[in-house]
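Working notes, structure below.
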Amino acid sequence: MRAVQFDRFGGPEVLTEVERPDPVPGDGEVLVEVEAAGVNFGDIKNVAGQYAPAETLPHVPGMEVVGRTADGTRVLGYLTSGGYASLAAVRARDLIEIPEEIGAGQAAALLVQGLTAWHLLRSAARVQPGEAVVVNAAAGGVGSLAIQLARHFGAGRVIATASTPDKRSLALDLGADSAVDGAADGYRERILDANHGRGVDVVLDAVGGEVFEQALGTLAHFGRLITYGASAGGPLPAVDPARLTMSNTVLGGLWLVPVLERSGAAGPPLRELLRLTVAQQLRPLVGGEYPLACAADAHRDLLDRRTAGKLVLRV
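So that you can map any letter, position 276 of the sequence shown is 276 in the working numbering, and since no number is skipped, the others follow by simple counting.
In structure tokens form, the structure reads like this:
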């Protein structure tokens, strides 16, 4: 089979297209002929050596595949690695049948990024009707879906942050009530101004760094700041527990992998996301499609924030 792998840790330059033996499905696994593979920041971390141990090299990254099983059923599947390939062995519990009218990019967007957005709002932040929700990095794969889902779940006001005017315009088009610059300098003032001077109930943050620190200062009493990444780099700032207690602030986090390992991917949340997409109540964005051999280009564009929405590799 064709695959993209890395045999040393590093940046996009270490990704190469190779021929590898076809995978042999184990117990409870299904062989999928891959139509497209999703690209995620987690793949970039994998290539950089933050996930994959050295003894697994050479390694094929990729956590999402859209394709067909041997009987022709079109499926969406989650796997811990191995998605950047023409064939993938996927656990049956992590496969879900998808309708033909959903594009491969849209389907891939609903898996890691769609489920992350769903669990951020439902499981971690537990958003209630009427609450004010801030979505940082709102033009990204998770952010663009979180805006729409927050609105669907009854948020009273959705405030988006993004780095460019075009991305802020996109956030407004997706349903945000307000979109502001997401830079750390002046972040707190812009968020409070967008919420008419009041603190917000929820902030979803994948930026980290000084933005994380500023976001804490935007929360109303019993507000929740949920972190799920740190694209700004470096560790999250230390938080004094006394600061949390004085303002009744809840600080939480989300990493999707343990959720999927516990419950499997093909559960009620993913079925809800598929249903909303078919009903055109949810619009997953496809930011770019690349040939499998150009996986390095997809990683560079994602790192340089040149895209909005979901990136996929066409096999």
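Backbone N, C-alpha and C fix where the C-beta goes; we use that ideal spot for every residue, glycine too.
Looking only at its chain, what residues have a beta carbon closer than 6 Å to the beta carbon of Pro165, apart from the 5 residues adjacent to it on each side? So no residue of the chain qualifies.
Closest residue to Gly10 among Val32, Glu19, Asp43, Ala89 (Cα-Cα distance):
The residue with the shortest Cα to Cα distance from Gly10 is Asp43.
As assigned by DSSP and simplified to three states, the class of Gln316:
Any question about residue 316 goes unanswered here, given that the chain covers just 1 to 315.
- request: Measure the beta-carbon distance from Met63 to Tyr78 and round it to whole angstroms, keeping in mind my assumption that it falls under 8 Å.
  value: Contact annotation, Met63 with Tyr78: C-beta distance approximately 6 Å; criterion of less than 8 Å satisfied.
Distance CB(Ala340)-CB(Val135) smaller than 8 Å:
Limits of the chain in this structure are 1 at one end and 315 at the other, which puts residue 340 out of reach.
**OP:** Measure the alpha-carbon distance for Ala88 versus Ala162 and round it to whole angstroms.
**Re:** Their backbone Cα atoms lie some 35 Å apart in a straight line.
* Would you say Gly130 and Gln113 are within 8 Å of each other, going by their C-beta atoms? -> In this structure, Gln113 does not lie closer than 8 Å to Gly130 by Cβ.
Which class does Ile226 belong to by DSSP, given the choice of helix, strand or coil? Per DSSP, reduced to three states, the secondary structure at Ile226 is strand.
### Candidates Trp255, Val286, Ala54, of which the one nearest Leu120 by Cα
The residue among Trp255, Val286, Ala54 with its C-alpha nearest the C-alpha of Leu120 is Trp255.
- For Val32, does the count of other Cβ atoms within 10 angstroms reach 16, so buried, or fall short, so exposed? With a threshold of 16 other beta carbon atoms within 10 Å, Val32 meets it and is buried.
Can you give the Cα-Cα distance for Pro58 and Asn40, rounded to whole angstroms?
Near 19 Å, if we compare the C-alpha coordinates of Asn40 and Pro58.
Entirely within the stretch 167-243 and at least 4 residues each: give me those alpha helix (DSSP H) ranges in chain order.
Runs of the alpha helix (DSSP H) inside the stretch 167-243: 187-194, 209-216.
*Can you say whether Gly212 is buried or exposed, counting buried as having 16 or more other CB atoms within 10 angstroms of its CB?*
According to the sequence provided, residue 212 is Phe. The question's Gly does not apply to it. That one is buried.
Query - Between the CA atoms of Arg262 and Gln280 - distance to the nearest angstrom - result: The alpha-carbon separation between Gln280 and Arg262 amounts to approximately 30 Å.
Query raised in the report: If you draw a straight line from the alpha carbon of Ala171 to that of Gly217, how long is it in whole angstroms?
Result: Going by C-alpha positions, Ala171 is about 23 Å away from Gly217.
*asked:* So, does the stretch 88-99 touch the stretch 8-25, judging by three or more C-beta pairs under 8 Å?
replied: Flag = yes, the stretch 88-99 and the stretch 8-25 touch.
**OP:** Pick out whichever of Gly288, Arg314, Val315 has its Cα sitting closest to the Cα of Arg305.
**Re:** It is Gly288.
Asp193 and Thr227 closer than 8 Å at C-beta: Their beta carbons are not under 8 Å apart, which means Asp193 does not touch Thr227 by this criterion.
Report task. Look up Ile44 in the DSSP assignment and say whether it is helix, strand or coil. Result -> Helix.
First through last residue of the alpha helix (DSSP H) which encompasses Pro291 | Here Pro291 belongs to no alpha helix (DSSP H); instead the beta strand (DSSP E) covers 286-291.
Margin query: Given this structure, state the Cα-to-Cα distance separating Leu244 from Asp7, to the nearest angstrom.
Written below: If I take the Cα positions, the gap works out to 44 Å.
> Based on the DSSP secondary-structure assignment, which residues constitute the bridge partners of Leu87?
Replying inline: Glu33.
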